[in-house]
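Engineer: Counted from 1, the sequence shown has number 288 at position 288 by this note's numbering; the numbering is strictly sequential.
Dumping the structure here so I can ask a few things about it.
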Amino acid sequence: MLSLPVRVFTLVMLLAALIPCHAKVINYKVKRGDSLSKILYGVGIAKSGQMAHQIDKISNRQIRNYIQPGKYIYIQSEGPFLQKLIFKVSTLKSYEIVIDNTVNFPQKIKVKEVIKETYKRIAYFSGEITKENNSIYKAGKVNSEKFLTDDVIDQMAEILGWRIDFEKDVRVGDEFKLIYEEVLLDNQKLFGGDILAIEYNQVRGNNIKKHQAIMFEQDGVKRYFDLNGESVQKAFLRYPVQFSRISSKFRARYHPILKRWKAHSGVDFAAPRGTPVYAAGDGRVIEKKYNKGYGYYVTLQHNNGVKTRYAHLSRFAKGLARGKYVSKKQTIGYVGSTGYATGPHLHYEFIKNGLKLNPLKVRIPSAHPIAATEKLDFTCLANYWADILNSKFLIDPIIVSRKPGQCQLNRLSTDRARKKSI
Ligand SMILES: [Zn+2]
Numbered sequence: 001m002l003s004l005p006v007r008v009f010t011l012v013m014l015l016a017a018l019i020p021c022h023a024k025v026i027n028y029k030v031k032r033g034d035s036l037s038k039i040l041y042g043v044g045i046a047k048s049g050q051m052a053h054q055i056d057k058i059s060n061r062q063i064r065n066y067i068q069p070g071k072y073i074y075i076q077s078e079g080p081f082l083q084k085l086i087f088k089v090s091t092l093k094s095y096e097i098v099i100d101n102t103v104n105f106p107q108k109i110k111v112k113e114v115i116k117e118t119y120k121r122i123a124y125f126s127g128e129i130t131k132e133n134n135s136i137y138k139a140g141k142v143n144s145e146k147f148l149t150d151d152v153i154d155q156m157a158e159i160l161g162w163r164i165d166f167e168k169d170v171r172v173g174d175e176f177k178l179i180y181e182e183v184l185l186d187n188q189k190l191f192g193g194d195i196l197a198i199e200y201n202q203v204r205g206n207n208i209k210k211h212q213a214i215m216f217e218q219d220g221v222k223r224y225f226d227l228n229g230e231s232v233q234k235a236f237l238r239y240p241v242q243f244s245r246i247s248s249k250f251r252a253r254y255h256p257i258l259k260r261w262k263a264h265s266g267v268d269f270a271a272p273r274g275t276p277v278y279a280a281g282d283g284r285v286i287e288k289k290y291n292k293g294y295g296y297y298v299t300l301q302h303n304n305g306v307k308t309r310y311a312h313l314s315r316f317a318k319g320l321a322r323g324k325y326v327s328k329k330q331t332i333g334y335v336g337s338t339g340y341a342t343g344p345h346l347h348y349e350f351i352k353n354g355l356k357l358n359p360l361k362v363r364i365p366s367a368h369p370i371a372a373t374e375k376l377d378f379t380c381l382a383n384y385w386a387d388i389l390n391s392k393f394l395i396d397p398i399i400v401s402r403k404p405g406q407c408q409l410n411r412l413s414t415d416r417a418r419k420k421s422i
């Protein structure tokens with residue numbers, strides 16, 4: 001024998017099933033002090049407390065911790081009945097909670113983890129430095145259709161950073177072309193993959209200085225070379241922070257805090273607090289300290305008597321310790337303004353045999369030449385990309401993603417990107 005409330009409920013459910021679908025959808029923004037039962041009550045869900053309790057019982061921790069101010073919950077209901085909840089954990093991952101209302105209390109509730117699949121494609125971009133777009137960052141963002149994500153522009157600055165001074169040597173009229181991978185979700189660019197080939201032309205009157213680089217894999221490591229097979233990259237990063245504004249160069253200057261002239265024995269990179277600071281090259285941590293001038297700082301020992309120092313950090317990277325080895329571009333700390341600093345910036349020093357050198361001028365050895373056994377593969381790939389980069393015609397993305405025979409590119413063809421939670 002069914003109890004009265006259950007019978008009433010069953011009747012309502014039957015009626016609800018007969019009524020044409022009037023699903024209500026709300027994208028609810030969680031407010032301070034919200035709980036799931038409060039949210040459900042607020043949108044008119046029957047037995048909201050009981051429902052919230054049931055959902056809580058079967059949820060995992062990611063869902064339970066989800067309800068925080070500013071997050072969105074997708075709520076689908078019909079009349080007083082909850083049908084579906086979606087908690088979006090990241091761009092790619094969400095949890096769907098589906099309630100089967102055709103069954104009496106306790107209703108059947110299912111939790112489903114939904115991972116959206118991204119895919120990779122090879123893309124082409126050409127840009128020009130103009131009066132309005134006077135940096136590679138601006139020129140990389142012409143409009144909402146034609147743009148490069150910041151991570152791709154950072155890569156470009158890093159790859160060609162030893163050949164082109166992106167701070168000083170970028171002029172109106174300069175042009176660049178990029179062939180790169182992009183990761184898409186529902187036809188929206190999410191972030192960039194690797195740059196496959198790149199060309200930057202410094203146009204100075206009739207004189208054009210062409211810089212080209214292509215990606216070539218050596219023992220699973222992706223590196224960049226010019227068309228002659230010379231590495232365009234060096235044993236050290238040029239910019240140990242994400243490409244930023246150089247706020248103070250290597251020279252004598254009036255120290256704003258010490259109020260006296262002082263040789264500036266490093267380079268300052270202005271960057272927002274918290275920007276990751278990278279190890280400029282492979283090395284070992286020899287100092288991880290605080291002093292009143294440098295604030296929190298790290299010194300690394302590299303090969304050939306080179307040391308690099310990173311000062312005014314807001315904090316050190318997790319797990320960083322004296323004696324530990326770090327690799328090039330590993331995060332060692334975060335930009336801050338500890339010590340004598342007027343604002344957040346990285347003070348970076350390059351010290352060779354005890355002498356402080358200008359890190360932007362010093363000759364840095366090239367990294368990893370092309371071995372004789374790799375020559376054939378490399379030439380094949382270099383010719384393939386050079387043809388595309390040198391083409392005067394509008395480049396068809398299909399041609400770009402065509403497989404060029406036996407070259408390494410075989411492995412780079414358009415494929416599904418790894419499932420990646422971000
Ligand atoms: Zn400085």
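Built from N, CA and C at the ideal position, the CB exists for glycine as well.
1) How would you call residue 62, buried or exposed, if buried means at least 16 neighbouring beta carbons within 10 angstroms?
2) Out of 29, 84, 164 and 166, point me to the one whose CA is closest to residue 52's CA.
3) According to DSSP, simplified to helix, strand and coil, what is residue 366?
4) Tell me whether residue 186 counts as near ligand 2, meaning its Cβ is closer than 7 Å to at least one heavy atom of that ligand.
5) Apart from the five residues just before and just after residue 424, which ones in its own chain have a Cβ nearer than 6 Å to its Cβ?
6) Curious, which full-length beta strand (DSSP E) runs of at least 3 residues does the segment 266-299 contain?
7) Does the separation of the CB atoms of residue 288 and residue 269 fall below 8 Å?
8) Is the closest heavy atom of ligand 1 to the C-beta of residue 264 under 7 Å?
9) Which residue from 241, 390, 222 and 354 puts its Cα closest to that of residue 331?
10) With the cut-off set at 8 Å, would you say residue 185 and residue 92 are in Cβ contact?
11) My output table needs one value for residue 405: the three-state DSSP class, helix, strand or coil.
12) I'd like the list of long-range same chain contacts for residue 202, defined as Cβ closer than 6 Å, with 5 residues on each side in sequence excluded.
13) Compute the Euclidean distance between the alpha carbons of residue 232 and residue 152, then round it to the nearest angstrom.
14) Output yes or no for whether 8 Å exceeds the beta carbon distance between residue 98 and residue 112.
15) So, helix, strand or coil for residue 258, using DSSP?
16) Using the beta-carbon count (16 or more within 10 Å), is residue 199 buried or exposed?
Structural biologist: Reading from the atomic positions:
1) exposed
2) 84
3) strand
4) Ligand 2 is absent from the structure shown, which contains only ligand 1.
5) Not covered by the structure: residue 424. The range shown for the chain is 1 to 422.
6) 267-270, 276-278 and 283-291
7) no
8) yes
9) 241
10) yes
11) Residue confidence is low: residue 405 scores 48 on pLDDT, short of 50, so the model does not pin down where it sits. No coordinate-derived value is stated.
12) 174 and 209
13) 17 Å
14) yes
15) Residue confidence is low: residue 258 scores 48 on pLDDT, short of 50, so the model does not pin down where it sits. Its coordinate-derived value is still stated next. Of the three classes helix, strand and coil, the one that applies to residue 258 here is coil, per DSSP.
16) So residue 199 ends up on the buried side.
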